[in-house]
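Q: Can you keep this structure in mind? I'll have questions shortly.
2 protein chains.
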Amino acid sequence: MKGRPNIHDDQELVLKAQEVFWQRGYHATSLSDLSTATGAGAGSLYNTFKGGKKELFRKALQQRSADLLTFKQKLEQSENQVAPIKQFFLDIADADPITHQKGCIVVNTLTEMTCVDEDLKQEAAEILTETEKLYKQAIAHAQKHGYIASKTPADTLAKYLVTFWCGLNALRRIYPDKKVLKRQIALQLQVLD
Amino acid sequence: MKGRPNIHDDQELVLKAQEVFWQRGYHATSLSDLSTATGAGAGSLYNTFKGGKKELFRKALQQRSADLLTFKQKLEQSENQVAPIKQFFLDIADADPITHQKGCIVVNTLTEMTCVDEDLKQEAAEILTETEKLYKQAIAHAQKHGYIASKTPADTLAKYLVTFWCGLNALRRIYPDKKVLKRQIALQLQVLD
DNA sequence: CTATTTTTGTAATGATCATTACAAAATAAA
DNA sequence: TTTATTTTGTAATGATCATTACAAAAATAG
């Protein structure tokens, strides 16, 4: 293959860009910010991501869809498939302050892009419905095997968890406090007993 | 008083600006958008709001703090102070599609401004903690008078409601569907029985 | 070594942004 | 009326934005 070799790994560019987008959102992030964060100049960024800023953002967002797949595989190896989900939520309380402030890039995007960019809003919404589907399967599995007593439909409980996830990412911004968060998370997870 | 008279009422300017900020957020709203929405030129807007776009946004946000006070007065006239809160949540399901997409300007601002503008983030956070305080008093009152059986501390339940509010404003964007929302809201309000 | 191809950094480019300058308009006071 | 004062709409202003143009750099292929 001819041509000057890549300095920057494409995937690493996406991850470094994701960090900035995650913290500042789409509109408050400039190409200069992305250049600084990635270490790549505008030339490189536009050569790699022909769609420019928006394509880079899309890739950063869709990365979470890939991450979800990894979590799905972990679930499927569990006896009680709801246990890793509960643990995921409980672990949120232990996160560092910056992580609390960042929240969730998918929820952030849903909020930022609604009434602004229908495509990106829809992409964020779809990642959340994917998450919901994963929750639903895990809950149904756990109910079938007696890990959950509640007769509430798995569908409803899954939507409950997605709602909680979105709410928790607001709460942790207001109260980035381990004790408070642990207590609130425990309360919310009671419906899965 | 000397001088050319006002065409635009200050409060109406704020409310018209609020509508645009509520839908599009701070960064995606241009002064041209605000000029169109309010019917006032840049000259008028800067003459009225010396702080420019940011002051106008602040006023639009703080309007919700005033609205909260109105709700507080309604609460204090109720026998069961938690009843109007439950009703408020249940009524969300009946809102029109655009209202679902808009969500809550306070939660939107908390999300948009975290890691971007500490002042505005804090203002949004404070409106939510004010809301929490209002919930807490109402819940404590209801518990004392036997309207709520749950022994869970009012403080914890109030934070639960704020978390739910933030989550619900994501859920309604994904499912702007009366049946779905009614079901999920009813489930979440069960902790207040 | 030469030609070709791709990446890279930098420096335009043109659009859009928030803000300001300013003169005309419209009132009250004198 | 005349003068003073405030509002209004429009047209600069200068900054910043995303994007593109382009030439140097760095590799491979012939």
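Chains as they are written, first to last, in the UniProt record's numbering: chain A, 1 to 193; chain B, 1 to 193.
C-beta atoms are modelled at their ideal positions from N, C-alpha and C, and glycine is treated no differently.
Computed from a prediction, not measured in an experiment: that's the story for all the values here.
1) So, with DSSP's three-state summary, where would you put Gly167/B?
2) How far does the alpha helix (DSSP H) with Leu34/A in it reach, from first residue to last?
3) What are the start and end residues of each continuous alpha helix (DSSP H) run of 4 or more residues lying completely inside the segment 98-180 of chain B, in chain order?
4) Please name the residues in the segment 19-32 of chain A whose beta-carbon is closer than 9 Å to at least one beta-carbon of chain B, in chain order.
5) Give every residue of the same chain whose Cβ lies closer than 7 Å to the Cβ of Leu13/B, excluding the five residues on either side of it in the sequence, and list them in chain order.
6) Say whether chain A places a C-beta atom closer than 9 Å to the C-beta of Gln184/B.
7) Within 9 Å (strictly less), CB to CB, does Ala125/B reach chain A?
8) For Gly3/A, return the contacting residues in chain B, with the cut-off set at a CB-CB distance below 8 Å.
9) Can you check which of these residues, Lys59/A, Ser65/A, Arg173/A, is closest to Lys121/B by C-alpha distance?
10) Look at Lys54/A and Leu31/A and say whether their C-beta atoms are less than 9 Å apart.
11) State the DSSP-derived secondary structure class of Asp91/A, mapped to helix, strand or coil.
12) Alpha helix (DSSP H) containing Val20/B: first to last residue?
13) Measure the alpha-carbon distance for Lys74/B versus Leu75/A and round it to whole angstroms.
14) Output, in sequence order along the chain, the residues in the segment 163-189 of chain A whose CB is closer than 9 Å to any CB in chain B.
15) Are the segment 134-150 of chain B and the segment 134-146 of chain A touching by the rule of at least three beta carbon pairs closer than 8 Å?
16) Give me the Cα-Cα distance between Thr131/B and Leu68/B, rounded to the nearest whole angstrom.
17) Is there at least one Cβ from chain A nearer than 9 Å to Leu69/B's Cβ?
18) Should Ala140/B and Leu61/B be called a contact, given that it needs their Cβ atoms to be closer than 9 Å?
19) Have a look at Thr29/B and Leu187/B and give me their C-alpha separation to the nearest angstrom.
20) Quick one: measure Cβ to Cβ for Ile105/B and Trp22/B, integer angstroms, because I've assumed they're closer than 8 Å.
A: Answer, in terms of the structure:
1) Position 167 of the second sequence, counted from the start, is the residue given in the question as residue 167/B. Correct three-state label for Gly167/B: helix.
2) On the first sequence, position 34 is the one that residue 34/A refers to. Leu34/A -> alpha helix (DSSP H) spans 31-38.
3) 105-113, 118-144, 154-174
4) Trp22, Gln23, Arg24, Gly25, Tyr26, His27, Ala28
5) One-based indexing of the second sequence puts residue 13/B at position 13. Excluding positions up to five away in sequence, the list reads Thr38, Ala40, Thr48.
6) In the second sequence, residue 184/B corresponds to position 184, counting from 1. It does: the Cβ of Gln184/B has a partner Cβ on chain A nearer than 9 Å.
7) Within the second sequence, the letter at position 125 stands for residue 125/B. Closer than 9 Å to some Cβ of chain A, the Cβ of Ala125/B qualifies, so yes.
8) On the first sequence, residue 3/A is found 3 positions in, with the first residue counted as 1. By Cβ distance, chain B contributes nothing, its closest Cβ being about 38 Å from Gly3/A, past 8 Å.
9) Locating residue 121/B in the second sequence gives position 121, counting from the first residue. Ranking Lys59/A, Ser65/A, Arg173/A by Cα distance to Lys121/B puts Arg173/A first.
10) The residue given as residue 54/A occupies position 54 in the first sequence. The residue given as residue 31/A occupies position 31 in the first sequence. No, they are not a contact pair.
11) Here residue 91/A is taken as the residue at index 91 of the first sequence, counted from 1. DSSP places Asp91/A in helix when its eight states are reduced to three.
12) As a first step, residue 20/B is located in the second sequence; it is residue number 20 there, counting from the start. Segment 10-24, the alpha helix (DSSP H) holding Val20/B.
13) Translated into positions along the second sequence, residue 74/B becomes position 74. Translated into positions along the first sequence, residue 75/A becomes position 75. Roughly 47 Å between the two C-alpha positions.
14) Thr163, Phe164, Trp165, Cys166, Gly167, Leu168, Asn169, Ala170, Leu171, Arg173, Ile174, Tyr175, Val180, Arg183, Gln184, Leu187, Gln188
15) no
16) Start at 1 with the first residue of the second sequence, and residue 131/B comes out as number 131. Start at 1 with the first residue of the second sequence, and residue 68/B comes out as number 68. Looking at the two C-alpha atoms, the distance is approximately 7 Å.
17) Along the second sequence, one-based indexing puts residue 69/B at 69. No, Leu69/B lies away from the interface with chain A (no Cβ there is under 9 Å from its Cβ).
18) To locate residue 140/B, count along the second sequence from 1; it is residue 140. To locate residue 61/B, count along the second sequence from 1; it is residue 61. No, these two residues do not count as a Cβ contact at 9 Å.
19) As a first step, residue 29/B is located in the second sequence; it is residue number 29 there, counting from the start. As a first step, residue 187/B is located in the second sequence; it is residue number 187 there, counting from the start. Each residue's Cα considered, the two are about 36 Å apart.
20) To locate residue 105/B, count along the second sequence from 1; it is residue 105. To locate residue 22/B, count along the second sequence from 1; it is residue 22. Rounded, the Cβ-Cβ distance is 4 Å, consistent with contact.
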